[in-house]
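A.B. asks:
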Amino acid sequence: MRNITVHKSELRQHVKDVISQKIEKLSNFMQFTLEASREVKKSSKYDTIREEMQEEIYQMQKQLASLQHMRGKLARVTDSATQRVQHGSLVFTNKARFYISVSLGEFFYEGDRFYAISE
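Count the sequence shown with our numbering and you get residues -16 to 102, in order.
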């Protein structure tokens, strides 16, 4: 693992951008699915397909709400230096790099692997 200098404000902005990209992608896919569900023929033969599409839309709405909540939670993360691990901390170990903020999981920043995890 190579030594790098990371500015928390830039890292936080990167995580925010990743979340925003996921929100945009999910919103576009949800819109596409809604439009497709409207085009399904109205007959009993296609009821199962419509039900499955509605369930998929419901699941996407839950994911979207979760991502929006995550973005709001990230806005409350500070960039200040910390003496102990807490919300907003960057933790470097010999195995991985962690950003204690939101439960985003693995992401890459300037070619390095990080894990955004919540408290």
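For glycine and all other residues, C-beta sits at the position ideal for the given N, C-alpha and C.
Because the structure is a prediction, the values reported are computed rather than measured.
1) Using a 10 Å radius around the Cβ and a threshold of 16 neighbouring Cβ atoms, would you call residue 87 buried or exposed?
2) The alpha helix (DSSP H) with residue 30 in it runs from where to where?
3) Can you tell me which of 57, 81, 77 and 59 puts its alpha carbon nearest to the alpha carbon of residue 68?
4) First and last residue of the alpha helix (DSSP H) that includes residue -6?
5) Express the C-alpha separation of residue 73 and residue 59 in angstroms, rounding to a whole number.
C.D. replies: Looking at the atomic coordinates:
1) Translated into positions along the sequence shown, residue 87 becomes position 104. Burial call: buried.
2) For the purposes of this step, residue 30 is identified with residue 47 of the sequence shown, where counting begins at 1. For residue 30, the enclosing alpha helix (DSSP H) begins and ends at 30 to 58.
3) In the sequence shown, counting from the first residue as 1, residue 68 sits at position 85. Nearest option by C-alpha distance: 81.
4) Taking the sequence shown and counting its residues from 1, one reaches residue -6 at position 11. -9 to 22 is the span of the alpha helix (DSSP H), which, as asked, contains residue -6.
5) As a position in the sequence shown, residue 59 is number 76, starting the count at 1. As a position in the sequence shown, residue 73 is number 90, starting the count at 1. The straight-line gap from Cα to Cα measures roughly 15 angstroms.
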